[in-house]
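So the sequence shown is numbered by this note's numbering: it starts at 562 and just counts up by one.
Note that beta-carbon positions come from the ideal geometry of N, C-alpha and C, so glycine has one too.
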Amino acid sequence: MSDADFPDELCRFIEDTIPTIETAELLLCLARHPEREWSPEELAHEIRPTVITEAAARKSLALFSARGLVVEKQGDRVRFNPSSADGAIRALAKAYNERPVTLIRWIYSLKEKKIQSFADAFKIKKD
562 MSDADFPDEL CRFIEDTIPT IETAELLLCL ARHPEREWSP EELAHEIRPT VITEAAARKS
622 LALFSARGLV VEKQGDRVRF NPSSADGAIR ALAKAYNERP VTLIRWIYSL KEKKIQSFAD
682 AFKIKKD
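Written out as structure tokens, the structure is:
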């Protein structure tokens, strides 16, 4: 279990695939409407009041495409692709609905850990 006490499968999925809460919201929107094809602009508009730009939506969709979570369609559109990550996505939806504050804090803490790790790489070590 993680610090947030989420299932290990969900923790690994978030660490590998979900850099921001906005990315999580995009993925959950896609999963709620698996039959629909979306443009980045439509997705950015759909998840309001969350503020996400079309460029950020494109970046998230590129990540999802690389992970096999979406299928690219004609003309800059995508559709959700249920995959081996289906269990993790269901767990993400459950955490988002039942423990949103814990989930949001945990996602942001992962980002902070990555930034700290990067900063630590530049520290001068004493012999």
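Below 6 Å CB to CB, which residues in the same chain sit around Thr578 once its five sequence neighbours on both sides are set aside?
Arg628
Could you spell out where the alpha helix (DSSP H) holding Glu576 opens and where it closes?
Asp569 to Thr578
Can you tell me the Cα-Cα spacing of Thr584 and Ile685, whole angstroms?
35 Å
Within 8 Å of any Cβ in chain D, is that where the Cβ of Cys590 sits?
Among the protein chains of the structure shown there is no chain D, as only one such chain exists.
Just verifying my parser: in three-state terms, what is the DSSP assignment at Glu596?
coil
Do you know whose CA, among Leu589, Cys572 and Ile575, lies nearest Ala641's CA?
Checking the sequence, you will find Phe at residue 641 rather than Ala. Closest by alpha carbon: Leu589.
Tell me whether the beta-carbon of Leu671 lies closer than 8 Å to the beta-carbon of Phe574.
no
Ignore the nearest five residues each way along the sequence and tell me which others in Arg638's own chain have a CB closer than 8 Å to its CB.
Residues Glu598, Trp599 and Ser600 of the same chain have their beta carbon placed closer than 8 Å to that of Arg638, with the five preceding and five following residues left out of the count.
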